[in-house]
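**Q** I have a structure I would like to understand better, so I am pasting it below and will then ask my questions one at a time.
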Amino acid sequence: GAGVSQTPSNKVTEKGKYVELRCDPISGHTALYWYRQSLGQGPEFLIYFQGTGAADDSGLPNDRFFAVRPEGSVSTLKIQRTERGDSAVYLCASSPQGGANSGELFFGEGSRLTVL
Amino acid sequence: AQSVTQLGSHVSVSEGALVLLRCNYSSSVPPYLFWYVQYPNQGLQLLLKYTSAATLVKGINGFEAEFKKSETSFHLTKPSAHMSDAAEYFCAVSLKAAGNKLTFGGGTRVLVKP
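Set out below in structure tokens:
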């Protein structure tokens, strides 16, 4: 597809379970970003990849959250021992070159996570 | 570190009236500034961006924004609102040195009355 693709679009899970959210960026984009958007708030930065490596993970709230991008394309956000407070829309975005272009990020439609 | 403040979480305008959404930023160095729009059940879409060229920036759907360094502002305007402008609007700032990581404001939801 031409845009950023995120799966699943909706995920309902129980407290304490493990969850994986997938992001497929625009082909050729080297930078990939994860954000979290809680109801009524703006998106909050979680982590940023440049290629395969996490260039900035300062937004990850705690060690239950982890993200990987092993081949520099698809990324997976992993949440262990989910809590009700993790309920939010998780947004993925990509960019042609994270530090060298004019800064526009291209967003997917998000994965809505509900923890019961 | 940079930050963004959007004044007013909700704005109601009549169709055909001026739309004005306020955004103030804080940054230690000249930033890039953006306005994104989020329609119901859709992803964030770029409206316009300021990247140190012209201070008056024109975007899609008739929107424009003016960068005012002295006021640290980047307010968004549209002369005449359409029903299709009903959405949530986010102002955001990024720094090239920080990998273009966007910091968003809290958003302003726009309601357009017929």
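Residue numbers (the numbering used here), protein chains in the order written: chain A, -15 to 100; chain B, 3 to 116.
Using N, Cα and C, we set each Cβ at its ideal position, and we do this for glycine too.
So with Cβ pairs under 8 angstroms, would you call GLY83/A a contact of chain B?
**A** With a pLDDT of only 47 at GLY83/A, under 50, the local geometry of the prediction cannot be trusted, and the value read off the model is given with reservation. Judged by the 8 angstroms Cβ criterion, GLY83/A is in contact with chain B.
**Q** For SER11/B versus THR110/B, is the C-beta spacing smaller than 8 angstroms?
**A** Yes; because the gap between Cβ atoms is below 8 angstroms, this pair is in contact.
**Q** Under 8 angstroms by Cβ, that's how I've got ALA56/B and TRP37/B pegged, so tell me the actual separation to the nearest angstrom.
**A** Going by Cβ atoms, the distance from ALA56/B to TRP37/B rounds to 15 angstroms, so no, they are not a contact pair.
**Q** Taking the C-alpha atoms as reference points, what is the distance between ASP40/A and GLY(-13)/A?
**A** One C-alpha to the other measures close to 23 angstroms.
**Q** Just to confirm, is the Cβ distance from PHE106/B to GLY26/A under 8 angstroms?
**A** Contact: yes.
**Q** Using a 10 Å radius around the Cβ and a threshold of 16 neighbouring Cβ atoms, would you call LEU22/B buried or exposed?
**A** Classification for LEU22/B: exposed.
**Q** Please list the segments of the beta strand (DSSP E) lying wholly inside the region 7 to 55 of chain B, counting only runs of 3 or more residues, in order along the chain.
**A** Those beta strand (DSSP E) runs which fall completely within the region 7 to 55 of chain B and span 3+ residues are 12 to 16, 21 to 28, 34 to 40, 46 to 52.
**Q** Can ARG48/A and ILE63/A be called in contact, C-beta distance under 8 angstroms?
**A** In contact: ARG48/A and ILE63/A (Cβ atoms closer than 8 angstroms).
**Q** Pick helix, strand or coil for ASN(-6)/A, following the three-state DSSP scheme.
**A** Note: ASN(-6)/A maps to strand in three-state DSSP.
**Q** Measuring CA to CA, which of ASN43/B, MET85/B, THR53/B is closest to TYR34/B?
**A** When each option's Cα is compared against that of TYR34/B, the closest is THR53/B.
**Q** Going by the CB atoms, is the gap between LYS(-1)/A and VAL73/A shorter than 8 angstroms?
**A** No.
**Q** According to DSSP, is LYS1/A part of a helix, a strand, or is it coil?
**A** It is coil, neither helix nor strand.
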